[in-house]
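Since the structure comes first, as structure tokens, the remarks are kept for the end.
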Amino acid sequence: MSESIQTSPRFFNYPTPKAHDATFEAPPPGKNPVVKGLLLHHLANLVATVPLVSGILWSNAGFSSLRQCRQLHGIEPRHDPTVIPLAPSTEEAPASLTDESNPRPRLDHASNGRFYSINDFHQAYVSGALTPTDIVERLLPLIRRDVAQCSPYSTAFMDSRVDLVRQAADASTQRYKTGQPLGILDGVPFAVKDDLQVEGYKRYLGTRHDYSNGGAKETSWCAKMLQKEGAILVGTLTMHELGMDTTNNNPIWGTPLNPYNTQYYTGGSSGGAASAVGHGLVPFAIGSDGGGSIRIPSNYCGLYGLKTTHARVSIAPMPDAAKSVTVRGPLANSMADLEISYRVLAQPDPSTYPSSQFSPPRKLTMPQNKVLGVYKAWVDRADPPVQEAFQSALRYFELELGYQVVDISIPLLTQGQLAHAMTIMAEGASGHTTSIYDLTAPNRIVMRVAQQTPATDFLLAQRVRNILMEHLADLFRRHPGLIIVTPTTPNAGWPIDDAELPHGVTNGNMLIRNMEYVWLANFTGIPCIQFPVGYVHGIKGTGKVPIGFSAQGEWGSEDALIEFGHDGEKWLHDGYKDGKVMPEGWVDVLGMR
């Protein structure tokens with residue numbers, strides 16, 4: 001640790017910058033069996049009861065291949081990816097994060113071509129056209145599960161405490177009546193993924209089991225900061241069971257609808273959040289991201305999503321907070337809303353290390369080096385429509401906005417994805433305290449396979465993490481301000497097979513493919529933003545399928561990524577041939593169109 005401080009006095013725990021051999025090796029074709037339906041149910045029981053079968057599946061996934069990686073010899077394992085930028089001791093928090101001067105002017109002025117923003121809700125309240133109470137009374141019939149006829153949007157929500165929602169709305173309405181709103185977030189509805197704790201709400205992690213033992217006694221810090229600004233938490237959101245896949249197929253709670261095309265998954269595991277925001281029910285939501293779980297749903301549902309620097313956003317209180325890959329972050333329908341929600345939820349938690357060591361969130365004030373790094377061999381693995389959308393946006397950034405594009409390389413990408421998968425699975429298994437027989441069939445298999453990870457192989461995975469972090473540190477030192485860009489996923493969406501919905505599906509090959517670009521930020525702790533850059537026609541259903549663009553920066557560089565995200569929004573509105581496409585399932589909550 002002393003080495004890292006000497007390497008960069010601007011950071012605590014910074015990796016030693018060191019370039020490693022980065023010869024690109026494409027991953028071998030997947031050998032994982034694809035199983036669904038009743039066969040999956042029987043296979044899950046077999047795996048759960050016969051250790052030999054789960055051991056075979058563990059080896060078949062390629063996890064043991066790290067033993068043959070010579071680059072790991074002599075490398076120390078790194079278990080914690082937390083890197084903290086050291087702010088000047090005189091730096092203070094901004095006087096207000098939510099005053100009316102905060103929202104940036106929106107790019108699309110046509111009312112029929114954009115979602116409603118946080119500021120739209122605020123202006124409706126200020127003008128007296130609507131009250132926060134009016135809005136929650138419109139929302140509750142759409143999102144509640146405990147009514148005779150549930151709306152199709154309710155599959156995005158786990159629960160809504162009607163009494164708490166109405167109480168918060170009435171208090172906000174009264175503040176507007178007296179001309180004393182707390183800021184632009186006052187009265188604005190939002191929701192949180194089910195893995196956050198919310199006082200008075202049960203916490204299921206997408207399972208049948210209530211991990212809160214009857215209801216949480218305290219609200220997670222990040223959600224509490226939003227409530228402090230008057231935002232109204234209207235409910236908790238469905239997620240993939242235990243967050244252990246990227247579809248958000250959930251046979252227990254239901255699979256939420258993709259607002260662009262109902263025959264496609266929302267992505268997961270923050271799929272309920274993406275569905276709720278994508279349908280326009282709330283302008284933003286809080287998700288969590290351990291392996292793309294904010295960015296993949298944002299990609300699939302045409303939204304903006306931010307995976308924050310590891311430990312930048314407090315995850316307290318949360319019993320399983322020791323995971324080394326999972327963070328909190330926002331999903332939003334515009335960059336302005338992503339920026340505002342991030343700055344509020346990322347306020348340092350004084351009671352929790354290391355969140356308390358980060359500086360208060362603020363707008364970028366220093367000059368920004370506009371450098372984009374592209375690893376061509378890696379990007380070339382994306383499907384042709386995704387590559388086309390990526391390259392079109394990249395040309396716009398270079399030719400119209402003055403970004404410099406540089407070639408880069410990154411070592412051990414195939415091994416790194418395996419190491420990340422092994423890590424998140426092993427950490428998930430170690431934190432799972434209930435019987436695996438209470439889980440759906442796919443996660444019975446995942447948990448049992450994860451339990452086969454030997455300590456020696458887990459340590460090899462952490463050596464891979466160290467190499468990757470050292471190499472990234474070297475890239476960031478050689479190219480100050482570097483932003484590493486890729487597609488968000490190599491594929492345009494994930495079509496639903498109806499046979500998968502009753503029992504779930506295990507499709508490791510598609511899962512690995514889906515996560516090809518997103519895992520790096522989780523494993524190394526760097527921040528990453530995703531934004532839409534195009535659309536294609538789906539192979540199923542009606543409606544377009546969004547394509548996403550991903551940008552990863554140095555530890556603590558969220559402010560720079562937000563600036564780049566605003567440039568990405570310019571591309572979609574000013575450079576893309578069709579402009580921003582509104583989803584077919586969008587709901588006019590404000591009733592103004």
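Quick note: the sequence shown uses UniProt numbering, first residue 1, plus one each step.
The beta carbon of each residue, even a glycine, is placed where N, CA and C say it ideally should be.
Residue range 455 to 478 is occupied by the alpha helix (DSSP H) that includes Met-469.
Its chain contains Trp-519, Phe-523 as the residues whose beta carbon lies nearer than 6 Å to that of His-420, once the 5 sequence neighbours on both sides are disregarded; these appear in chain order. Taking the C-beta atoms as reference points, Ile-294 is found no nearer than 8 Å to Gly-373. Counting C-beta atoms within 10 angstroms of its own C-beta, Glu-218 has fewer than 16 neighbours from the protein chains shown and is therefore classed as exposed. The beta-bridge partner set that DSSP reports for Phe-397 is empty. Arg-144 is bridged by DSSP to nothing; it lacks a bridge partner. With a minimum length of 4 residues, the unbroken runs of alpha helix (DSSP H) contained wholly in the stretch 242 to 325 fall at 271 to 278, 295 to 300. For His-122, there is no enclosing beta strand (DSSP E); the enclosing alpha helix (DSSP H) has its first and last residue at 118 to 127. The continuous beta strand (DSSP E) containing Phe-549 extends over residues 544 to 552. If you check the CB distance, Arg-444 and Ala-19 do not come in under 8 Å. Distance between Gln-227 and Tyr-353, taken at the CA atoms: about 22 Å. The DSSP-derived three-state label of Thr-155 is helix. C-alpha of Ser-151 to C-alpha of Leu-142: approximately 5 Å in a straight line.
Residue environment for Tyr-517: buried (at least 16 other C-beta atoms within 10 angstroms of its C-beta). Inside the stretch 322 to 397, DSSP marks whole alpha helix (DSSP H) runs of 4 or more residues at positions 335 to 345, 376 to 379, from first to last along the chain. Contact check for Leu-331 and Met-225: beta-carbon distance about 17 Å, past the 8 Å limit, so the pair fails to qualify.
Ala-171 is positioned such that its CB atom lies no closer than 8 Å to that of Val-136. Of the candidates Arg-10, Met-582, Asp-21, Met-582 places its Cα closest to the Cα of Gly-302. Taking the CA atoms as reference points, Lys-363 sits about 21 Å from Ala-223. By the C-beta density criterion, Gln-167 is exposed, having fewer than 16 other C-beta atoms within 10 angstroms. About 6 Å separates the Cβ atoms of Gly-585 and Leu-257, confirming a contact at the 8 Å cut-off. Leaving aside the five residues that flank Ala-273 on each side, the residues in its chain whose CB is nearer than 6 Å to its CB run, in chain order, Lys-193, Leu-237, Ala-285, Gly-287, Leu-331.
The bridge partners DSSP lists for Phe-531 are Phe-549. For the stretch 175 to 239, the continuous beta strand (DSSP E) assignments of 3+ residues that do not extend past its boundaries occur at 189 to 193, 232 to 237, in sequence order.
Closest in alpha carbon position to His-42, among Ala-441, Pro-33, Met-335, is Ala-441. For Asp-349, the CB contacts under 8 Å within the same chain, skipping 5 residues up- and downstream, are Trp-221, Ser-314, Ala-316, Ser-355, Ser-356 in chain order. In this structure, the CA atom of Asp-588 is about 7 Å from the CA atom of Gly-280. Of the other Cβ atoms in all chains shown, 16 or more fall within 10 Å of the Cβ of Arg-328; this residue is therefore buried.
If the five residues before and after Met-158 are omitted, its C-beta is found closer than 6 Å to the C-beta atoms of Asp-194, Thr-236, Thr-238, all from its own chain and listed in chain order.
With fewer than 16 neighbouring CB atoms inside 10 Å of its own CB, Lys-376 falls in the exposed class. Of the candidates Gly-290, Thr-247, Pro-251, Gly-291, the residue whose Cα lies closest to the Cα of Ser-275 is Thr-247. Tyr-260 is not a Cβ neighbour of Gly-568, given a cutoff of 8 Å. The closest CA to that of Ala-499, considering only Gly-481, Phe-11, Leu-38, Leu-401, is found on Leu-38. Taking 8 Å as the cut-off, the beta carbon of Ser-324 is found closer than this to the beta carbon of Asp-80. A residue is called buried when at least 16 other Cβ atoms come within 10 angstroms of its Cβ; Gly-591 does not meet this threshold and is exposed. With a contact defined as Cβ atoms closer than 8 Å, His-566 and Arg-104 qualify at about 7 Å.
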